[in-house]
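K.L.:
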Amino acid sequence: MALKIYKLTDREGRTHGNTQWGEGVEHTALGTGAFCTSGWIHAYLHPVLAVLFNPIHGAFTEPILWLAETDEIGKADGLKIGVRRCKTIRRLLLLGITLEQRVGFAIRVASKLPQSKAFQLWAHNWLTGQDRTAEAARAVAVAARAAAEARAEAWSAAWSAEAAEAWSAWSAEAAAEAAEVWAAWAAGAAGVGAARAAGAARAAAARAAWAAEAAWAAQVVSINFLAVAEESGIFWTHPLE
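Offset between the sequence shown (1-based) and my numbering: plus 638.
1. How would you label E773, buried or exposed, when you count the other beta carbons within 10 angstroms and need 16 or more for buried?
2. Nearest CA to the CA of P693: which residue from R746, P752 and L646?
3. For the ligand ADP, is there a heavy atom less than 7 Å away from the beta-carbon of A855?
4. Suppose the cutoff is 7 Å on Cβ atoms and the five residues either side in sequence are ignored; what does the same chain contact list for T657 look like?
5. Within the continuous beta strand (DSSP E) that includes I719, where are the two ends?
6. Is it a yes or a no for the segment 710-717 touching the segment 726-744, going by three-plus beta-carbon pairs under 8 Å?
7. When we look at the beta-carbon of G655 and count the other beta-carbons within 10 Å, is it buried (16 or more) or exposed?
8. Would you say L641 and E700 are within 8 Å of each other, going by their C-beta atoms?
9. Pick helix, strand or coil for K642, following the three-state DSSP scheme.
10. So for H876, helix, strand or coil by DSSP?
11. Return the chain-ordered list of same chain residues with a C-beta closer than 7 Å to the C-beta of A801, the five sequence neighbours on each side being excluded.
12. Nearest to Y644 by CA position, among A672, F673 and L732, is which residue?
13. From which residue to which residue does the beta strand (DSSP E) around A681 run?
14. Compare the beta carbon distance of A756 and A781 with 8 Å and say whether it is the shorter of the two.
15. For the beta strand (DSSP E) containing H665, name the first residue and the last one.
16. Going by the DSSP bridge assignment, what does L703 pair with across the sheet?
17. Within 10 angstroms of the Cβ of F873, are there 16 or more other Cβ atoms? Answer buried if so, exposed if not.
18. Spell out whether any CB of chain D is found under 8 Å from the CB atom of V747.
19. How long is the line joining the alpha carbons of S676 and A667, rounded to whole angstroms?
20. Can you check DSSP and say which residues form a bridge with C724?
21. Taking the alpha helix (DSSP H) that A697 falls in, what are its first and last residues?
22. Considering only residues of the same chain and omitting the five flanking positions on each side of A804, which have a CB-CB separation below 6 Å?
23. What whole-angstrom Cβ distance do R722 and G712 have, given they're in contact under 8 Å?
24. Can you look up R652 in the DSSP assignment and give me helix, strand or coil?
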């Protein structure tokens, strides 16, 4: 039985390698190797995820969203999926996500992980509308990045064969800090003046997606990105076909 999935292409219906898609078009891959290679065809389990993570995956400026089908999911990383066969069925309406919603999504995702008190206070103030200034966001981002760099230096200095057992724990902490940094930078980019609004919007959208990816990499808690998206006011209002 065919599984319904969702795929993004550019405005001409093309993806990486100038692969052409369209109604009833089918492509296959070997299903080997890592993501971001020709071994897998990228897709998503939900249209909201497709639009949220487009800035760091396909990065299409004017994407087309497709309802598609496959036989099985061969690979998944929590954000996207990889399939061996994909057939695009028809175009769907593209979900519009505001910059504010993307930043809120990033902050809420990062907040699912253990974070500094400074980040928690700033996140609360941003989400409640008490302080959404770019200055406050950048201050938190700079502090978080400095803490992450200090941790990395300390780890490098203390590295030994015995320390290898703690690598997974350090990786989780580093990923959590990365989520904190990206979320704050997303808010900072969103707070620039109107003259730089277009570039800031693209930067904020990408940083919001990176925050989610970093949070997933931490693997400290299980994060339901769709639930967090709904908390941020991002809903798919059309029937899932």
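Don't be surprised by glycine CBs; every beta carbon is placed ideally from N, CA and C. Bear in mind the structure is a predicted one, so any value in this text is a computation, not a measurement.
P.N.:
The structure says:
1. exposed
2. L646
3. Summarising the ligand content, the structure contains no ligands, and the ligand ADP is consequently not present.
4. H665
5. I719 to V721
6. no
7. exposed
8. No; because the gap between Cβ atoms is not below 8 Å, this pair is not in contact.
9. strand
10. coil
11. Confidence is the limiting factor: at A801 the pLDDT is only 47, short of 50, which leaves the residue's position unreliable and the question unanswerable from this model.
12. L732
13. I679 to A681
14. Result yes, Cβ atoms of A756 and A781 sit closer than 8 Å.
15. V663 to T666
16. L646 and L730
17. exposed
18. Among the chains of the structure shown, chain D does not appear; only one protein chain is present.
19. 7 Å
20. Paired residues: H665.
21. Per DSSP, A697 belongs to no alpha helix (DSSP H) and is neither H nor E.
22. At A804 the pLDDT is 41, less than 50, meaning the model places this residue with poor confidence and gives no usable figure here.
23. Confirmed, Cβ separation roughly 5 Å.
24. Taken through DSSP and simplified to helix, strand or coil, R652 comes out as strand.
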